[in-house]
Each structure stands twice: as structure tokens, then as C-alpha cells.
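Data first, discussion second: the structure below is written as C-alpha cells.
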Amino acid sequence: MVGSPSERKPMCAVYLSFVPFSSLKCFTCNDEPSNWNCIKITDCAENDKYCLTTYTKTGLGEKAEYRITKKCSAECPQTNWNVGIAAASTSCCQHSLCNISGASSVKSSYAVMATGILASLIYVLR
Numbered sequence: 001m002v003g004s005p006s007e008r009k010p011m012c013a014v015y016l017s018f019v020p021f022s023s024l025k026c027f028t029c030n031d032e033p034s035n036w037n038c039i040k041i042t043d044c045a046e047n048d049k050y051c052l053t054t055y056t057k058t059g060l061g062e063k064a065e066y067r068i069t070k071k072c073s074a075e076c077p078q079t080n081w082n083v084g085i086a087a088a089s090t091s092c093c094q095h096s097l098c099n100i101s102g103a104s105s106v107k108s109s110y111a112v113m114a115t116g117i118l119a120s121l122i123y124v125l126r
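Be aware that the sequence shown starts at 1, since it is given in full-length UniProt numbering, and climbs by one per residue.
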């Protein structure tokens with residue numbers, strides 16, 4: 001056996017001081033039409049604790065446009081809203097490269113769209 005336990009403790013401390021700290025890494029992209037365009041890996045800043053994915057939808061039917069943004073973030077502002085002609089969903093995770101897939105799906109609900117249109121008409125016609 002090499003050295004007593006008390007002799008090995010300083011060696012461990014010296015070894016750990018030379019091991020590089022591994023920072024959070026996230027997939028990043030900005031306002032891309034597809035998750036396939038979000039394959040860039042970024043070393044996050046020291047204060048970034050989350051990998052953030054935001055998925056948005058605008059428009060209706062065949063004219064709907066989907067966009068995805070991924071980034072490092074110090075905060076986790078989880079959002080999930082749908083007003084018929086626009087929707088957004090944001091999700092966060094805290095492990096390196098955990099944001100490989102898209103955020104929670106952004107789905108159009110006909111009931112939500114109808115309610116939004118009806119509310120808009122009522123507001124305009126008042």
C-alpha cells in the first residue's frame with residue numbers, strides 16, 4: 001500500500017486542483033426553422049445554470065411558421081402559452097447538452113383559436 005490515508009489526502013487535493021472544471025455546455029441557435037439547425041455546442045458562462053429551448057409558432061394552418069431558439073441562461077423562465085395565432089413554449093434543463101430536442105410541443109387547439117378569434121371580435125365590435 002502506498003502511503004497512509006493521511007499522506008494520500010494532500011495528493012488528492014493537489015490532483016483535484018489540476019483537473020479542469022467542466023462548465024455547462026448547451027446546444028445553441030437563434031430563431032431557426034428546424035431543430036436540425038441547432039447543433040452548435042457552446043460553453044456557457046460561469047453564471048449560466050440552464051440550457052434553454054424556446055419553440056414558437058405564428059400563423060394558422062399551412063401558413064404557420066415554427067421557430068426554435070436554444071441558448072445558455074442564468075435563469076429558467078418557463079413559459080407555455082397559446083393564443084391561437086401565436087404560441088410559445090420554453091423549457092430548461094441543467095445538464096450539459098441536455099437541450100438536444102425541442103421544447104414541449106406547441107400545438108394549435110381549434111377551441112383555443114376559436115375562443116381567441118371570438119374574444120377579438122367581441123372586443124372590436126364593442
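All residues carry an ideal CB built from backbone N, CA and C; glycine is no exception.
Under the DSSP assignment, Lys40 falls in the beta strand (DSSP E) whose first and last residues are 40-43. Secondary structure at Asn35: helix, using DSSP grouped into helix, strand and coil. In the DSSP assignment, Cys51 falls within the unbroken beta strand (DSSP E) covering 50-58. For the pair Cys26 and Lys57, the CB atoms are not nearer than the 8 angstroms cut-off.
The Cβ neighbour count for Ser34, taken over all protein chains shown within 10 Å, is under 16; the residue is labelled exposed. The C-beta distance from Leu52 to Ser73 rounds to 4 angstroms, short enough to meet the 8 angstroms contact threshold. Asp31 and Thr69 do touch by the CB rule: their CB atoms are close to 6 angstroms apart, below 8 angstroms.
By the Cβ neighbour-count rule, Ala87 is buried, with 16 or more other Cβ atoms within 10 Å of its own.
Excluding residues up to 5 positions away in sequence, Thr90 lie with their Cβ nearer than 7 angstroms to the Cβ of Pro77 in the same chain.
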